[in-house]
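These notes concern the structure reproduced below.
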Amino acid sequence: MDWITQLLTAGLSAGTPLLFATLGGILIERSGVIQLGAEGLMLMGAVTAALVYLWTPNLVLTVAAVLVVGAVLGLLHAFLTVSLRANQIVSGLAMTLFGSGLSATLGQSVAGAPLVGSAPIVNLAFFDSLPVVGPVLAHLDIFTWLSFLLVVAMGLLFTRTVIGLRLKAVGDNPGTADVMGISVTFYRYACVMAGSALMALGGADLLLVYSPTWIQGMTAGRGWIAVALIIFSQWSPLRALIGTLFFGLLDTVGFRIQLAGSPVPPYFLKMIPYVVTILVLILVGWRSRHRPSSAPRALGLPYLREQRL
Amino acid sequence: MRLFRSSFTFEIDASGKSAPWWTTLVSVALALVVSSFLILVSGADPGAVWVKMFQGAFGSWFGLTETLLKTIPLLLCGLGVAIAYKIAVWNIGAEGQLLAGAIAATGITIYFPHLPADVALPLMLVAGLAAGGVWGLLTALPKVFFQVNELITSLMLNYVAFLGLQFLVFGPWRDPKGLNFPGSPVFPPAETIPPLWDHSRLHWGLILALVLVGIYAVAVNMTRWGYEIRLIGANPEAALHAGIRIRRHILGVLFISGALAGLAGMMEVSGVTHRLMDSVSPGYGYTAIIVAWIARLNPLGLILSAFLFAGLIVGGFNVQTLGIPPSIASMIQGAILFFVIGSSLVGKIKIRRTTPGTGA
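Top line first, the protein sequences correspond to chains A and B. This note's numbering numbers the first residue of the first sequence as 652 and each following residue consecutively. This note's numbering numbers the first residue of the second sequence as 197 and each following residue consecutively.
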């Protein structure tokens with residue numbers, strides 16, 4: 652493998668956890684709810700994966716457990732924000748704090764224990780003949796393919812299905828959606844639960860593929876980068892793929908420079924993703940300064956039928 | 197056949213009054229019940245954990261002064277966070293602003309080690325305030341000029357500040373006599389905040405923090421400036437039409453918010469650790485978010501909740517002897533926050549009696 656292939660492979664495996672979390676966030680925000688708990692959900696997903704996989708090395712069971720944990724925590728967020736109409740930002744922050752604390756407590760027994768051979772590689776030999784991207788696509792792990800599939804599925808959902816249109820209506824104008832007989836509560840609960848499960852899956856992917864050892868706080872802000880990527884991708888699944896690949900590459904490049912023995916202290920290389928996140932958001936804000944925002948119009952606003960807006 | 201003559205309906209009235217104060221106590225209690233269950237699941241005895249926590253935080257004179265000592269940064273950061281929330285800016289970057297203040301104050305001791313106390317301490321104070329304030333501005337500027345979400349910026353800057361701190365204590369500022377310990381040299385006595393009484397770790401910062409809470413109460417509730425920032429927080433549209441300079445206010449408030457956290461950082465290095473270490477803050481900036489929220493930004497409430505959460509941190513360290521990580525404290529914090537936001541709806545729920553036949 653030449654270095655471009657290596658870089659792309661590493662960038663993809665660093666970007667996939669972000670992609671799952673970003674897609675989950677897009678799904679939730681499209682329905683009009685903000686979920687800032689991505690960091691806590693990713694940690695809970697990672698620790699669940701570590702606990703289940705070390706107990707019984709069954710990948711299907713592990714993923715199922717991770718999705719259930721994510722959905723249950725999502726249910727909590729949905730109950731607080733949709734039914735009780737609590738502040739969505741605070742509920743998300745609580746999710747992050749609760750998730751990081753609980754994951755550290757639960758994961759104590761498996762901290763530092765390595766997981767071996769956890770994510771199977773899908774070998775597709777016929778891709779090998781393609782230049783540059785061929786060798787990358789030929790040996791991807793199953794989670795990366797799943798994330799690609801999700802990008803396509805969500806793109807189709809939003810643009811080609813009735814369910815997707817209803818979902819966007821709920822996020823843009825819940826009052827009108829309600830009049831049309833669409834249950835705002837049902838769609839928001841479903842999206843928050845499914846999206847939170849995807850965020851947890853992102854954490855599980857980080858653990859099972861990217862760095863197969865549970866360490867307390869191992870997401871290191873990736874959940875927040877995913878929240879930034881939702882805005883960067885302008886709530887579009889395809890742009891989320893591009894954005895996460897970009898951040899995956901950033902992660903990888905910093906690490907490579909460090910390995911190559913560069914004179915730049917590693918601390919500054921590790922700052923790159925965080926600083927670039929801010930710069931990218933500034934760029935997005937500057938470019939869309941004269942355009943109406945593409946954010947769902949009812950984002951962050953609780954819906955109350957008696958106060959239909 | 198109906199079993200009851202009348203039935204009850206629950207309604208949510210969004211215009212209802214805010215929840216009474218005791219709901220906060222109830223939700224803290226419920227959060228502790230849920231936490232007990234989670235502790236049980238993780239394989240420990242909840243009763244023993246609570247006893248150990250309480251003893252550690254409030255059960256001895258030493259524990260109590262340690263709790264008061266940790267109240268200082270929580271109160272200052274909580275105050276900073278609260279003032280930003282008044283203007284509806286979600287500053288979750290108190291952690292980074294605290295670290296920036298700690299770094300700047302340490303910079304004074306590194307580059308001017310021989311200053312007399314009455315020059316050094318004010319200089320460190322100003323350095324801490326300025327560094328924290330500038331770190332806060334780094335969040336405010338993208339928000340004001342490019343509509344960048346402040347939650348993300350302020351959080352990203354926390355990581356940047358922490359990596360900067362690591363660079364300094366592992367690199368250029370590392371104590372050459374420290375046997376590879378990742379920390380700066382110990383400050384000269386003239387550059388440390390004196391204790392409140394001899395042989396105590398509790399320092400004068402506590403008094404200053406309490407004074408600042410008083411200033412906050414007056415400034416926010418009784419001045420024109422306070423009125424304007426509250427108006428921006430409650431209704432930016434109205435504030436805009438009233439001719440209030442929103443951008444300038446947001447920049448000013450975030451500078452103050454960051455400066456308060458920076459002050460907390462200066463006090464931690466100069467009053468407690470007497471050196472810069474990479475473990476200078478066990479997440480004070482994050483806990484401060486809950487401190488401010490649970491206090492509902494009320495000055496007296498801030499003091500109380502800062503004290504309680506300081507106890508939770510001190511107690512959290514004390515349960516390590518039971519083989520439980522101190523991060524259990526942040527799990528409990530999250531649980532408390534969940535219940536508190538859930539309970540804030542109590543004041544909005546109306547229980548109405550409907551009697552059959554009246555058509556209600």
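Note that the Cβ used here is the ideal one computed from N, Cα and C, for glycine as well. For clarity, every value in this text was computed on a predicted model and none was experimentally measured.
Item                                                                                                                                                                             : Value
Closest by CA to residue 432 of chain B, which one among B:224, B:278, B:284, B:237?                                                                                             : B:284
How is residue 462 of chain B classed by DSSP in three states: helix, strand or coil?                                                                                            : helix
Could you tell me whether any non-hydrogen atom of the ligand NAP is closer than 7 Å to the CB of residue 732 of chain A?                                                        : Looking for the ligand NAP in the displayed structure turns up nothing, as the structure carries no ligands at all.
I'd like to check one pair, residue 736 of chain A with residue 886 of chain A: are the Cβ atoms closer than 8 Å?                                                                : no
I want to see whether chain A comes within less than 8 Å of residue 360 of chain B, judged by CB atoms only; does it?                                                            : yes
Please identify, using Cβ separations under 9 Å, the residues of the segment 876–892 of chain A that lie next to chain B, in order along the chain.                              : 876, 878, 879, 882
On the DSSP letters alone, give me the boundaries of the beta strand (DSSP E) that residue 929 of chain A sits inside.                                                           : From DSSP, residue 929 of chain A is part of no beta strand (DSSP E) but of the alpha helix (DSSP H) over 917–938.
Where in the segment 244–304 of chain B do unbroken runs of the alpha helix (DSSP H), each at least 4 residues long, occur, reported from the N-terminal end onward?             : 257–282
Using a Cβ cut-off of 7 Å, which residues of the segment 923–938 of chain A contact any Cβ in chain B, in chain order?                                                           : 925, 926, 928, 929, 932, 933, 936, 937
Here's a check: name, in chain order, each residue in its chain whose Cβ is nearer than 6 Å to the Cβ of residue 532 of chain B, leaving out the five neighbours to either side. : 224, 227
Using a beta-carbon distance below 8 Å, is residue 338 of chain B in contact with chain A?                                                                                       : yes
For residue 756 of chain A, would you say it is in contact with chain B, using Cβ-to-Cβ distances shorter than 8 Å as the test?                                                  : yes
In three-state terms, what does DSSP make of residue 707 of chain A?                                                                                                             : coil
For residue 428 of chain B, which residues of its own chain have a beta-carbon under 8 Å away from its beta-carbon, when the five flanking residues on both sides are left out?  : 283, 284, 435, 440, 442, 445, 446
Are any of the Cβ atoms in chain A nearer than 8 Å to that of residue 349 of chain B?                                                                                            : yes
Return no unless some Cβ of chain A is closer than 8 Å to the Cβ of residue 556 of chain B.                                                                                      : Low confidence applies here, because residue 556 of chain B scores a pLDDT of 40, under 50, leaving its location unreliable; read the following figure in that light. So, not an interface residue.
If you measure beta-carbon to beta-carbon, which residues of the segment 446–473 of chain B are closer than 7 Å to chain A?                                                      : none
Put residue 312 of chain B into one of helix, strand or coil per three-state DSSP.                                                                                               : coil
Taking C-alpha atoms, which residue in B:367, B:305, B:449 lies nearest to residue 382 of chain B?                                                                               : B:305
DSSP three-state call for residue 774 of chain A: helix, strand or coil?                                                                                                         : strand
Using beta carbons (cut-off 8 Å, strictly below), is residue 749 of chain A in contact with chain B?                                                                             : yes
In whole angstroms, what is the alpha-carbon distance linking residue 392 of chain B and residue 504 of chain B?                                                                 : 21 Å
Would a C-beta distance cut-off of 8 Å place residue 324 of chain B and residue 357 of chain B closer than the cut-off?                                                          : no
Check whether the segment 340–353 of chain B touches the segment 473–481 of chain B, taking contact to mean three or more Cβ pairs, one atom from each stretch, closer than 8 Å. : no
Is the Cβ-Cβ distance between residue 415 of chain B and residue 274 of chain B less than 8 Å?                                                                                   : no
Helix, strand or coil: how does DSSP classify residue 473 of chain B here?                                                                                                       : strand
Using the rule of at least 16 other Cβ atoms within 10 Å of the residue's Cβ for burial, across every protein chain shown, is residue 555 of chain B buried or exposed?          : Interpretation of residue 555 of chain B is limited by its pLDDT of 43, a score under 50 that renders its predicted location unreliable; the figure taken from the coordinates is listed afterwards. Result: exposed.
Measure the C-alpha to C-alpha separation of residue 798 of chain A and residue 845 of chain A and round it to an integer number of angstroms.                                   : 14 Å
By Cβ distance below 8 Å, which residues in the same chain neighbour residue 398 of chain B in space, the five residues on each side in sequence not counted?                    : 261, 264, 265, 391, 392
Could you check which residue in B:235, B:535, B:460, B:316 has the C-alpha nearest to that of residue 403 of chain B?                                                           : B:460
The alpha helix (DSSP H) with residue 674 of chain A in it runs from where to where?                                                                                             : 654–681
Indicate whether the contact test is met: 3 or more Cβ pairs, each with one atom in the segment 772–788 of chain A and one in the segment 713–728 of chain A, closer than 8 Å.   : no
Within 10 angstroms of the Cβ of residue 837 of chain A, are there 16 or more other Cβ atoms? Answer buried if so, exposed if not.                                               : exposed
For the beta strand (DSSP E) that contains residue 792 of chain A, what are its first and last residues?                                                                         : 790–792
Three or more C-beta pairs under 8 Å: does that hold for the segment 458–473 of chain B against the segment 283–297 of chain B?                                                  : yes
Between B:268, B:236, B:454, which lies nearest to residue 281 of chain B when the distance is taken from Cα to Cα?                                                              : B:454
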